[in-house]
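Notes for the one structure printed next.
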Amino acid sequence: MLYITILMLVFLLMFNGTQFKITAIFITISIGFALLSSLFMILYGNGSHTILKFGFIHITTESLVRGLHVSLRTIAISFFGILIALTSQVVMIFYSLMQHLKVKSKVAYAFMAAIRMIPLMISSLIQLRRSLKMRYQMIDAANYRGLKRFKHLIIPLLSQNIRKAHQLSVAMESKGFRDGPRTYYYNVPFSYKDIIFIIVLIAIITMAYYCSITLPITGIDDVRLDRVG
-7 MLYITILMLV FLLMFNGTQF KITAIFITIS IGFALLSSLF MILYGNGSHT ILKFGFIHIT
53 TESLVRGLHV SLRTIAISFF GILIALTSQV VMIFYSLMQH LKVKSKVAYA FMAAIRMIPL
113 MISSLIQLRR SLKMRYQMID AANYRGLKRF KHLIIPLLSQ NIRKAHQLSV AMESKGFRDG
173 PRTYYYNVPF SYKDIIFIIV LIAIITMAYY CSITLPITGI DDVRLDRVG
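This is the structure in structure tokens:
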């Protein structure tokens, strides 16, 4: 898994087509979320080789290896998603999924709508923060410290975006959107570039497997075993 992650990172850096600082931001966020997602497995996992035990926190060699393995899987998939997002149009990606992989239209359009909502959520957050700064000048500081400040942000933000999502679904239904056979405004053909991309992915997986056999880094063959060693 380590070799796949490294090769996917190299592939992403070589062919993302954007500035390095933008790519670095996405990479940092992906790694951060991946590590956070594996913390529960690392801190509270089972194992016989104890590294650290403090209260209910019990870190073992087995739990650490399993947690890092989950993180590496998440990071590798995230790198693949970042590469697709930076080199393709979102609409064309989902049209291609509907036309070639027969993904249901309601699923594809749900994801497209969710992606379109992200800029709206960011603009709503910025606007809400500016309005709260003006209101905070008129009230006592004790009313907006700590969790109260967070509550002033998260509750209006969630209510606004839930309402926008509901309005969007009503608008789609009123325009005649149904889950069934449909025609497409855009036609996304399967080109030679897609074949090259698939071949490169197969080559990355093959190379990673070969390197793990000939040049093992950790010497761990199976993280599912009760004893990692």
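So the sequence shown is numbered by the numbering used here: it starts at -7 and just counts up by one.
Glycine included, C-beta positions come from ideal geometry on N, C-alpha and C.
Tell me where the beta strand (DSSP E) around residue i begins and ends.
i	result
residue 244	There is simply no residue 244 to check, as the chain begins at -7 and stops at 221 in what is shown.
residue 248	Within the shown structure, residues of the chain are numbered from -7 to 221, placing residue 248 beyond reach of any answer.
Determine the burial state of residue i: buried for a count of at least 16 other Cβ atoms within 10 Å of its Cβ, exposed for fewer.
i	result
residue 154	exposed
residue 191	exposed
residue 87	buried
residue 20	exposed
residue 92	exposed
residue 82	exposed
residue 161	exposed
residue 163	exposed
Among the residues of its own chain, which have a CB less than 7 Å from the CB of residue i, if the five just before and after it don't count?
i	result
residue 116	149, 152, 153
residue 89	95, 100
residue 234	The requested residue 234 does not occur in the structure, where the chain is confined to residues -7 to 221.
Go through its chain and collect everything with a Cβ distance to residue i's Cβ below 6 Å, but skip five positions before and after it.
i	result
residue 31	none
residue 204	-5
Excluding the five sequence neighbours on either side, which residues of its own chain have a C-beta within less than 8 Å of the C-beta of residue i, listed in chain order?
i	result
residue 7	75, 79
In terms of residue numbering, what span does the alpha helix (DSSP H) encompassing residue i cover?
i	result
residue 88	82 to 92
residue 202	184 to 206
residue 34	31 to 36
residue 2	-6 to 7
Quick check: the segment -6 to 8 against the segment 59 to 74, are at least 3 beta-carbon pairs closer than 8 Å? Cβ pair count under 8 Å is three or more, so yes.
Please list the segments of the alpha helix (DSSP H) lying wholly inside the segment 104 to 171, counting only runs of 4 or more residues, in order along the chain. 139 to 166
Stretch pair the segment 153 to 171 + the segment 104 to 119: three plus CB contacts closer than 8 Å: yes
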